[in-house]
Amino acid sequence: MRYSNPRPALRAALASLLAAAACCAPARATDFLVHPGKDTKVVFTSKATMETFEGKTNKMDGRVSVNPQAVGDSVTVHLEVDLASLDTGMAKRNQHMRENHLETARYPKAVFDGAAVLSPPGAKLEAGKPVEFQIEGSFALHGVTRRLRADATVTWRPAGRGQIAFVATFPVTLADYSIARPEFLFLKLSDTQQVKVSAIASAAP
């Protein structure tokens, strides 16, 4: 009677299992950190009946985790903006916005968490090539959290440790976040603000 050697069959079965596990495993993401400073900017624009003005800050920090080769399967975002640092160019208006409008003593930050990639499907980041996305995540402002969609342009720069540069734009309707327009600003503050967020996030050490 001849006995077959089971080892080759076991090795083949093990290799198949490992390959299947690799295919099904989540894409490995790299953490890219966002810090306040010159490479970070948040701008909201209000276009109202009587006046158009902007509020700006560079006080945003957070983290973008993504595998450039499998963006939709790997990306997560957490960004926090210091609302008390928003500057509209007028000290008195800044005070009113913080105290009566955004109530920054109670709600000091705006926070974006997510994100799901809605389009394009199966997108990858190629070195130095901007890619346009539509994303969705949770946006918390003034004690209210809602789902929000944004258009984003993302560029991967692999040199050195690596960087992700991104620009995202989205509208924020004040009523959606229980923000009332104070009487003195009623004709000078649009009910919908256009928000633009840009930053360069560097790979974590």
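To convert a position in the sequence shown, counted from 1, into our numbering, add 1. Beta carbons: idealized from backbone N, C-alpha and C, even for Gly.
Sheet register partners of residue i (DSSP bridge)
i	result
residue 63	35 and 80
residue 56	45
residue 29	Bridge partners of residue 29: none, in fact.
residue 158	164
residue 153	134 and 169
residue 50	Answer by DSSP bridge pairing: none, since residue 50 is not bridged.
Minimum Cβ-Cβ distance from residue i to chain B less than 9 Å
i	result
residue 79	Here chain B cannot be found, since the structure has a single protein chain.
Residue i classed as buried or exposed, judged by whether at least 16 other C-beta atoms fall within 10 angstroms
i	result
residue 65	buried
residue 41	buried
residue 181	exposed
residue 22	Low confidence applies here, because residue 22 scores a pLDDT of 42, under 50, leaving its location unreliable; read the following figure in that light. Exposed, by the Cβ-count rule.
residue 220	What the structure shows of the chain is the stretch from 2 to 206, and residue 220 is not part of that stretch, so it cannot be assessed.
residue 119	exposed
residue 155	buried
residue 179	exposed
residue 90	exposed
residue 69	buried
residue 226	Here the chain covers residues 2 to 206 and nothing more, so residue 226 does not appear.
Helix, strand or coil at residue i [DSSP, three-state]
i	result
residue 199	strand
residue 206	coil
residue 24	The predicted model places residue 24 with a pLDDT of 45, which falls under 50 and marks its position as unreliable; any figure quoted below should be read in that light. Reduced to three states, the DSSP call for residue 24 is helix.
Enclosing beta strand (DSSP E) for residue i [first to last residue]
i	result
residue 208	Lying outside 2 to 206, the shown extent of the chain, residue 208 is not represented and no answer is given.
Near the ligand SAH: residue i beta-carbon under 8 Å from a heavy atom
i	result
residue 81	The ligand SAH is absent from the structure shown, which contains no ligands of any kind.
Exercise for the section: Ignoring anything shorter than 3 residues or poking outside the region 65 to 151, list the beta strand (DSSP E) runs there in chain order. Expected result: 77 to 83, 110 to 120 and 132 to 142
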